[in-house]
Each structure stands twice: as structure tokens, then as C-alpha cells.
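S.K.:
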Amino acid sequence: IEETLVLVKPDGVARNLTGRILARIEAKGYQIVDLRMVQADRALLAQHYAEHEGKPFYEPLVEFMESGPVVAARVAGHRVIEGFRSLAGTTDPTTAAPGTIRGDLGRDWGLKVQQNLVHGSDSPESAARELALWFD
Ligand code: ATP
């Protein structure tokens with residue numbers, strides 16, 4: 005069965021949306037098979053976001069992600085990688101489709117980084133890599 009890494013980002017935790025976000029994952033029929041709250045450090049985030057190093061939003065992104073605890077979930081289900089990204093909606097929460105997590109619960113706060121509530125792995129390769137980082 006396929007697995008993905010979902011993160012409830014610091015904005016989601018701070019806004020007390022963790023339960024609603026996890027409930028939407030469960031309601032879709034996916035299974036939460038492991039769950040932890042983590043204060044991520046720079047070393048972990050540098051590895052997690054290695055592909056974005058050097059991009060203009062990289063530093064604000066890492067600062068945002070270390071600004072408070074995140075909730076990491078190992079989520080399992082048939083085609084869950086694609087399915088969770090569909091459930092999350094597109095990156096920009098202002099234009100993410102209504103019905104999605106970002107479209108329903110997120111908006112643009114005019115900051116240097118998109119505070120868009122959740123992360124989901126984008127391929128089987130990144131899921132394996134990211135799950136090893138956050139859970140092993
Ligand atoms: P997507 O569904 O677009 O792949 P993602 O969350 O996986 O969304 P990434 O492209 O992996 O997005 O970028 C990681 C994070 O960096 C985003 O979730 C967002 O918080 C932030 N980000 C990405 N692109 C920008 C941007 N152009 N400006 C500001 N922040 C950004």
C-alpha cells in the first residue's frame with residue numbers, strides 16, 4: 005500500500021486546525037499509521053527542502069517551518085500521494101480550489117512565503133525520502 009508524508013505546517017498548528025486537517029484525511033478514507041508533533045530544526049528542514057535551496061523563498065520557508073511545531077503524519081492508502089495533493093489544493097491558498105484544505109482554510113497573508121497549512125510528498129521517491137527523515 006502506498007504511503008505519503010503529510011505535514012501540518014506551523015500556521016496550521018498555531019491556528020488549531022490540526023484536528024480538522026487530519027479529520028479530512030481520515031474522512032477521505034486514508035489511514036494515519038503514525039503521527040508525531042515535532043519542533044523541526046534547521047538540519048532537518050535543510051534536508052527536507054534540499055531541492056529548493058537557492059530559490060528566493062528558501063530562507064523565508066525554512067524560517068517559517070522552524071517558527072513553531074509541525075505535526076507529521078505517515079498516511080497510507082491506494083494512490084495516497086496523488087490523492088492527498090488533490091485534497092490539499094494548489095500551492096497558493098488564495099486561488100486553491102474551494103473544497104480543498106488550502107482553498108477552504110487558507111489564504112495569502114502577504115508574507116514572504118506561502119503559509120499554506122500543509123505539505124504532502126509529490127512522488128513515491130520523495131515520500132520514501134521524507135518519511136525516512138521525519139519518522140526513522
Ligand atoms: P505544490 O502543490 O505547488 O507542489 P508544495 O507545497 O509541494 O506545493 P513546493 O513547490 O514544494 O510546494 O514548495 C514548498 C513550499 O514553499 C510551499 O508549500 C510554499 O510554502 C513555499 N513556496 C513555494 N513556492 C513559493 C513561492 N513562489 N513564493 C512563496 N512561497 C513559496
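Numbering (UniProt numbering), first residue to last: 5 to 140.
Glycine included, every Cβ here is placed at the ideal spot set by N, Cα and C.
Note that the coordinates shown come from a computational prediction; the quantities given were computed from them, not determined experimentally.
(1) Between the segment 122-135 and the segment 6-17, can you find at least three pairs of beta-carbon atoms closer than 8 Å?
(2) Does HIS82 pass the burial test, meaning 16 or more other C-beta atoms within 10 Å, or should it be called exposed?
(3) Determine the DSSP secondary structure at GLY107, reduced to helix, strand or coil.
(4) Closest by CA to THR98, which one among SER90, GLY107, ALA92, LEU91?
(5) In terms of alpha-carbon separation, which member of THR104, VAL42, ALA80 lies closest to ARG89?
(6) Beta-carbon within less than 7 Å of TYR53's beta-carbon, same chain only, minus the 5 sequence neighbours each way: which residues are those?
(7) Quick one: Cα of THR95 to Cα of HIS56, how far?
(8) Should ALA44 and VAL79 be called a contact, given that it needs their Cβ atoms to be closer than 7 Å?
(9) Relative to the C-alpha of ALA77, which candidate in ILE36, GLU30, GLU6 has its C-alpha closest?
(10) Along the chain, which unbroken stretches of the beta strand (DSSP E) at least 3 residues long are found entirely within the segment 8-96?
(11) Considering only C-alpha positions, which residue in the set GLY33, VAL84, ARG111 is nearest to GLY16?
M.R.: Working from what's here:
(1) yes
(2) exposed
(3) helix
(4) GLY107
(5) THR104
(6) TYR62, LEU65, VAL66
(7) 14 Å
(8) no
(9) ILE36
(10) 35-42, 74-80
(11) ARG111
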